[in-house]
Amino acid sequence: MEKMQFKAVELKFLSDDIIKQIRNWRNQDFVRLQMFTQDIIGEKEHIKWVETIKKDENRHLFVFFLDDKPFAVVQSRYYPEYDYVETGDYLISTDYQALGYGTFLKYYTNEIMYYVLNYNTIHGEILDTNKKNINVGKRLFNNVKKVEEPRIVAGEFHDVYIIDSCKSDWENNQKRHLEKLVNRFIDSDIEIMI
Numbered sequence: 041m042e043k044m045q046f047k048a049v050e051l052k053f054l055s056d057d058i059i060k061q062i063r064n065w066r067n068q069d070f071v072r073l074q075m076f077t078q079d080i081i082g083e084k085e086h087i088k089w090v091e092t093i094k095k096d097e098n099r100h101l102f103v104f105f106l107d108d109k110p111f112a113v114v115q116s117r118y119y120p121e122y123d124y125v126e127t128g129d130y131l132i133s134t135d136y137q138a139l140g141y142g143t144f145l146k147y148y149t150n151e152i153m154y155y156v157l158n159y160n161t162i163h164g165e166i167l168d169t170n171k172k173n174i175n176v177g178k179r180l181f182n183n184v185k186k187v188e189e190p191r192i193v194a195g196e197f198h199d200v201y202i203i204d205s206c207k208s209d210w211e212n213n214q215k216r217h218l219e220k221l222v223n224r225f226i227d228s229d230i231e232i233m234i
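Laid out in structure tokens, this is it:
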């Protein structure tokens, strides 16, 4: 079996077509309904969001590719006052969910946040409806916590789960769980355009 080639491309290197396509991927029901903001994103709102990311040195947006086909979107925002980066990500197709590409998404998100952007702590929040992501978080990370106060999302109360992971936990434990699997399918010669 020939291994796939991984590439992560940051916003400033993405084509206009891919930048426009991000909105379509985000507006798919299976993606949108796992978000804290579940509204359909319009073109003007999308353009404004992209411009905000471009102007803020604490924000990044990546599209992940396997064999030059996009498979995931990752956004991050660093909060210096808390010294953590908050990430949000999604696969762009239910086919990729079925193929287990979420493993590749989590692995490379952490690798980029820790070793390329040099953050020490990753923070993520997950809605209770996203059971698959919560279960992955519980398997990989020791500190998945349910927030005491539910939040209102799309007019309904939802529990929120928080996952915090630090670089040393990743290096000493979590990375090993994913690395062997990732290395079976993906070539070690990866490309990151930032």
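Mapped onto our numbering, the consecutive letters of the sequence shown carry residue numbers 41 to 234. Where is the CB? At the ideal position from N, CA and C, for every residue including glycine.
| query | result |
| --- | --- |
| Measure the alpha-carbon distance for T127 versus N170 and round it to whole angstroms. | 15 angstroms |
| How many Å lie between E165 and Y154 at the Cα? | 18 angstroms |
| Where do the ends of the beta strand (DSSP E) carrying G128 lie? | Y124 to L131 |
| Using 10 angstroms around the beta-carbon of K146, count the other beta-carbons present and answer buried if the total reaches 16, otherwise exposed. | buried |
| Would you call the stretch 91-103 and the stretch 191-208 in contact, with 3 or more CB pairs under 8 angstroms? | no |
| Is the distance from the Cβ of D227 to the Cβ of M44 below 8 angstroms? | yes |
| Using CA atoms only, rank isn't needed, just tell me which of I93, F53, L106 and L54 is closest to K47. | L106 |
| Determine the closest residue to V176 out of P190, E211, F144 and N67, with distance taken between C-alpha atoms. | F144 |
| Expressed to the nearest angstrom, what Euclidean distance is found between the alpha-carbon atoms of M233 and E50? | 6 angstroms |
| What does the alpha-carbon distance come out to for the pair K215 and Q78? | 31 angstroms |
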